[in-house]
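Enquirer:
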Amino acid sequence: MKYLYLCVLSFLILSNFSSCSPVQDASANTEDSNKLEDSLKVIANFERIEDFTEKPKINNLTFAVTGDLMCHGSQYKTVFEGNDTYNFLPVFEAVKPFLSAADVAIGNLETVLAGEGKNYKSYPQFNTPNAYADALKDAGFDIIVTVNNHTYDQGKAGVLRTLDELDKRNFTGVLGSYRTQEAQDEIKVFEKNDIKYSVLAYTQFSNITLRSSESHLFQLIDTVKVGQDIQKARKQGAEIVLIHYHWGAEYLPEPNSYQKMITEKTIQLGADVIIGGHPHVVQPLKKYKTQNNATLDSGIVAYSMGNFYSGQRKRYRHNGLILWLEMEKITEKNDKNEKVSKISLKNIAHLPTWVYYGKAGNPSKNEYRIYPAQNDSIPFSPFLSLDTLDFISKSGRAYLNQSRKDTDNALKMYNVDSKYLFLDKDGKAILK
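Note that the sequence shown covers residues -21 to -1, 1 to 411 in mature numbering (1 follows the signal peptide of the UniProt record, and there is no 0).
So this is what it looks like as structure tokens:
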């Protein structure tokens, strides 16, 4: 209670003087008056004493999740610099600040780093230069998901070498493919801003049938196993459990029956967030009421995040996004003087992205680059305006503008209100 101590002290001092005998000599009155004046000076010099009630502690954790990170032959050929040197860094320059603004950035690597000896390849059996991993690290990705229908494109050797190359880059986590069964069974729990989280990843299918003797390399979607993994994560202290599924049918604007069925089952198992990939187009967001002691009261599923980086050029297929999820954790004491925490999904936002193909930094060749799908009235960051993209043709800008509209329409198909993700001049996120 504010000023309580001062009020009591003042009362005691004044009461002390008022209780003196009414019959006093002049010198006593003068002495008492001096004491009172000195006491009031002491009181005046006291600092304010604030309310002793402990204030709630608030922590925030932001996830930036992207769509599929592919690498077709046309993509790695445009970044070739000679002598087996490839430079993917310019691809991500325009979106790097948005990824870096998040506490945790997550991407799905839909290719294999099997090495030069295997020869670099495109669809249907991918093999990509190691420099791709350098660019992902530089762009700000923290968690790399490695399980999808192309994980096994170069067999066991490709799976293991991909893990080796990613581990060399010191990502916070590489999840979805494994060296041993023990590694697959181990659940990783990470912590950031005093919030613990786990990312669990599975795929519906593999383009090449997984040998039974190598089933430890990655996990196909099995809801029994998903449920067991969620419980393991909770026991290890995970407050947020995010599930990443590679599923569905390519190029469909809405989730198919399998995606919907697995989503319902995963909600029942207690997942907080569900992220999807594989359709190569953006599909809707949908909120849901969580179950089975999930941490969030309201969870969200992103059925498909589209292509974040791809050589596919048809409408909808060169669209992607950065999905921004902001968690808020409030810790305070309850009636029993025990500290309790509650975490909520405070904000949902997105940055629509578009894969440009044409002349950019080098006027002598075409390149693939990822740009925010903005126009003159919607500049997503002060450092990237359309004036700096003057190399994009008028028709290209029309595609970029259409890309943003297509992504917005897809995300909001199920009436989920997602804000736009902007950056200020200092690179901090603004949602509006």
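Even for Gly, the Cβ is constructed at its ideal location relative to N, Cα and C.
Between the Cα of D201 and the Cα atoms of I241, D173, S192, which residue gives the shortest distance?
Expert: I241
Enquirer: Name, in chain order, the residues that DSSP records as bridge partners for K321.
Expert: Looking at the DSSP output, K321 shares a beta bridge with I309.
Enquirer: DSSP state of A112, grouped into three classes?
Expert: DSSP places A112 in helix when its eight states are reduced to three.
Enquirer: Which residues in the same chain have their Cβ closer than 8 Å to the Cβ of D385, if we skip the five residues on either side of it in sequence?
Expert: Non-local beta-carbon contacts of D385 in its own chain, meaning distances under 8 Å to residues more than five positions away in sequence, involve V261, R294, Y295, N298 in chain order.
Enquirer: I'd like the list of long-range same chain contacts for G290, defined as Cβ closer than 6 Å, with 5 residues on each side in sequence excluded.
Expert: H51, S53, Q54
Enquirer: Note down, in chain order, each residue of its chain lying with its Cβ closer than 6 Å to the Cβ of L221, except the 5 sequence neighbours on either side.
Expert: V178, V252
Enquirer: Are three or more beta carbon pairs between the stretch 349 to 360 and the stretch 311 to 319 nearer than 8 Å?
Expert: no
Enquirer: Would you check if there are 3 or more beta carbon pairs closer than 8 Å linking the stretch 329 to 338 to the stretch 393 to 411?
Expert: yes
Enquirer: State the DSSP-derived secondary structure class of I253, mapped to helix, strand or coil.
Expert: It is a strand residue.
Enquirer: Using 8 Å as the threshold, is the stretch 225 to 235 in touch with the stretch 190 to 199, meaning 3 or more CB pairs across them?
Expert: no
Enquirer: Below 8 Å between beta carbons: does that hold for I122 and L154?
Expert: yes
Enquirer: Rounded to whole angstroms, what is the Cα-Cα separation between I357 and L368?
Expert: 14 Å
Enquirer: Under three-state DSSP, which class holds K407?
Expert: coil
Enquirer: According to the neighbour-count rule (16 or more other Cβ atoms, all chains shown, within 10 Å of its Cβ), is T141 buried or exposed?
Expert: buried
Enquirer: State the CB to CB distance for the pair F150 and Y111, rounded to an integer number of angstroms; the pair is presumed to be in contact (CB under 8 Å).
Expert: At roughly 13 Å, the Cβ-Cβ gap does not stay under 8 Å, so F150 and Y111 are not in contact.
Enquirer: In the DSSP assignment, the alpha helix (DSSP H) including V124 goes from what residue to what residue?
Expert: That residue, V124, is in no alpha helix (DSSP H); its beta strand (DSSP E) goes 122 to 124.
Enquirer: Note the first and the last residue of the continuous beta strand (DSSP E) segment covering P351.
Expert: That run of the beta strand (DSSP E) goes 345 to 351.
Enquirer: How big is the Cα-Cα spacing for A80 and V334?
Expert: 21 Å
Enquirer: Per DSSP, what kind of secondary structure is S(-1) in: helix, strand or coil?
Expert: The predicted position of S(-1) is uncertain, since its pLDDT is 47 and thus under 50; a value taken from the coordinates is nonetheless stated next. Looking at S(-1) - three-state DSSP - the assignment turns out to be coil, as it is neither helix nor strand.
Enquirer: Grab the span of the alpha helix (DSSP H) containing D164 for me, first residue to last.
Expert: 160 to 164
Enquirer: Measure the Cβ-Cβ separation of K321 and M306 and say whether it is below 8 Å.
Expert: no
Enquirer: So with Cβ pairs under 8 Å, would you call E193 a contact of chain B?
Expert: No chain B appears in the structure shown, which is made up of a single protein chain.
Enquirer: Please go through the stretch 227 to 304 and give each complete beta strand (DSSP E) segment of 3 or more residues, from N-terminal end onward.
Expert: 252 to 256, 264 to 268, 277 to 281, 286 to 288
Enquirer: Using only alpha-carbon positions, find the residue among I246, L78, G206 that is nearest to L304.
Expert: L78
Enquirer: Please state whether the Cβ-Cβ distance between G86 and N286 is less than 8 Å.
Expert: no
Enquirer: Would you kindly work out how many angstroms separate the C-alpha atoms of D63 and Y131, rounded to a whole number?
Expert: 24 Å
Enquirer: Terminal residues of the continuous beta strand (DSSP E) containing K373?
Expert: That residue, K373, is in no beta strand (DSSP E); its alpha helix (DSSP H) goes 373 to 390.
Enquirer: In whole angstroms, give me the CA-to-CA distance for M49 and Q247.
Expert: 32 Å
Enquirer: Can you tell me whether Y282 is buried or exposed? The criterion is at least 16 other CB atoms within 10 Å of its CB, across all chains shown.
Expert: buried
Enquirer: Pull up the distance between the alpha-carbon of S277 and that of F169, whole angstroms please.
Expert: 22 Å
Enquirer: Could you give the residue range of the beta strand (DSSP E) that holds L187?
Expert: Here residue 187 is Ile; the residue named in the question, Leu, does not match the sequence. That residue, I187, is in no beta strand (DSSP E); it is neither H nor E in DSSP.
Enquirer: What did DSSP end up calling I200 once you bin it into helix, strand or coil?
Expert: DSSP, read as helix, strand or coil, puts I200 in coil.
Enquirer: Check for me: the alpha helix (DSSP H) holding K135 runs from which residue to which?
Expert: 134 to 147
Enquirer: Roughly how many angstroms separate the alpha carbons of V138 and E243, rounded to a whole number?
Expert: Distance between the alpha carbons of V138 and E243: 31 Å.
Enquirer: May I ask you to report which of helix, strand or coil DSSP gives S194?
Expert: helix
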